[in-house]
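Heads up: the structure comes next, in structure tokens.
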Amino acid sequence: MEESFSKEKGKCGQRSAGFSSAGEDMISKLPDSLISQILLCLSTKESVRTSVLSNRWKSLWRLIPVLDLASSELPDYNAFVSFIDSFLGFGREDKSCLHKLKLVIHKCENDQSCVTRWIDFVATPKLEHLHVDFGLVSRECMEVMPLSLYVCETLLHLTLNWVSLGWFKSVSLPRLKTMRLESNIYANEASLQLLISSCPVLEDLNIVRRPDDNVKVLRVHSQALTSLSMRVGGGHDDDEVYIEDFDFEDFAVLIDAPRLKYLTFDYELSPSKVISNSGSLTKVNLLGCLCLWDDLVKRKFFTSISGVKDMNISYDTFEIIKTIMPLAQFCNLSCLEAAVLPDSLGSLPRFLESFPNLKSLILDLCDCTLTLREEIRLSFVPQCLLSSLGFVELKTSCCGTPTKMEVASYFAKNAVMLKKLVLHLSMLEEKSVVLRDLLALPRRSSTCQIIVC
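In terms of the UniProt record's numbering, the sequence shown has 23 at position 23, counting the first letter as 1, and numbering is strictly consecutive.
So, in structure tokens, the structure goes:
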């Protein structure tokens, strides 16, 4: 299968670095182990091309402990299968020496299933990195992961995209530190819960769910987890239409991870989210559409994350918060980024009252070119403006100048400790005129620097 790569333009048979002035091949004199380390710096495709250099090089690429390949890099799917079979050397007595296997596969309905047996072959005893990505594939074409994967005791990093995780009774992944699961199908809720909870040193978990993944209540129980990211999405171009076909009424997320520091919900549509033992939370991102069932669930959720130090919220999240203000006090929060719709700017001061020690605020003023339904009234001054807020950035390129000027004026006039006020303008706005008006604003802080960009 080497010919599939070596025929392409830019092959490695040309004399270049590594040859002496007399034409002597210096690199080939190196031991196989050292040449293998050199080949590790190349992609799998480039490594295979070295097989045309000489008889000595013909099989050296097979010694590399890394295989990183996409089916699109070969003429067709069958050629891809033949190449992987050849690389893994089926029929040998000794197992593959692979440390890392990454496969990106595009297959059709009638293409043979091979990935299950490949993983079963390499899952022991040295595999540390496994990445399998089938891209967009129908549910019927998904390949089932072998049982040997769940007891691969050397595995450190696992990524599974668009595969089926079937029935398994036990899991032993004692070294696994990072796991990404995207658009997979699971046997049931219990199997996914078992997979997560049976990784004793798992630190980073990223889950992208399908509405039809057989999991309605997602339970994340981990004593070691420090970073968790969750979203719902089928991976389709028409994702929103695809998701709207499903009823999320019975969906829920239950998180019990006492060491969790970083939490991201991105378009997470489960109406119930319960977080226990959240005392270690440092950074929370609430992005896209955030679904919460009722006012009681909303209040409990925001109370459970109120110890966070850094938070980023979407305008959907801000709209949810508006319905239950005042929030619990976020006394540890020092950095906040929030997207706010024009009709919600009047709620901004009351919103900021929940963050008495806020030091840095970034506001994304969404769609402010729209005509405001009512005049923005920014009169109330929250505690953070009087005692701690030192940096404000108004971040957008679509917001109308009058709105931005009013918000900028509010902070300049009322923030006692403000050191820097940054205002982003669109290309159509006259920066010199705006800057002149800004510089004329009365400032509560004598050290406040105004920057227009």
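Just so it is clear, CB atoms sit at the ideal spot from N, CA and C, and this is done for glycine as well.
DSSP places Arg139 in the helix class (H, G or I) of the three-state scheme. Membership of Tyr150 in any beta strand (DSSP E) is not indicated, and neither H nor E is assigned to it by DSSP. When the beta-carbon positions are compared, Pro65 and Lys107 stay at least 8 Å from each other. Below 8 Å, enough C-beta pairs join the region 270 to 287 and the region 312 to 330 to call them touching: three or more. Beta-bridge analysis with DSSP links Ile450 to Leu421. Here Phe391 is bridged, per DSSP, to Ser360 and Lys420. Contact check for Met230 against Cys199 fails: the beta carbons are separated by 8 Å or more.
In the three-state DSSP reduction, Cys384 falls in the helix class (H, G or I). Beta-bridge partners assigned by DSSP to Ala408: none are found. Only residues of its own chain outside the window of five on either side were considered, and among them Ser71 and Leu74 have a CB closer than 6 Å to the CB of Phe80, listed in chain order. The three-state secondary structure of Phe265, taken from DSSP, is strand. Shown here for Val217: same chain residues with a beta carbon closer than 6 Å to its own, the five before and five after excluded, namely Glu189 and Ala252 in chain order.
Judged by DSSP secondary structure, Ala338 falls within the beta strand (DSSP E) whose first and last residues are Cys335 to Val340.
By the neighbour-count criterion, in which a residue is buried when 16 or more other Cβ atoms sit within 10 angstroms of its Cβ, Ser387 is exposed. Within the same chain, and ignoring the five residues on either side of Pro326 in sequence, the residues whose Cβ sits closer than 8 Å to its Cβ are Arg350, Glu353 and Ser354. In the DSSP assignment, Asp85 falls within the alpha helix (DSSP H) that extends over Tyr77 to Leu88. Only residues of its own chain outside the window of five on either side were considered, and among them Ala70 and Asp133 have a CB closer than 6 Å to the CB of Val104, listed in chain order. Take Cys141, set aside five residues on each side of it, and the residues of its chain with a beta-carbon closer than 7 Å to its own are Lys107 and Glu109, in chain order. Per DSSP, the beta-bridge partners of Ser276 are Asp256.
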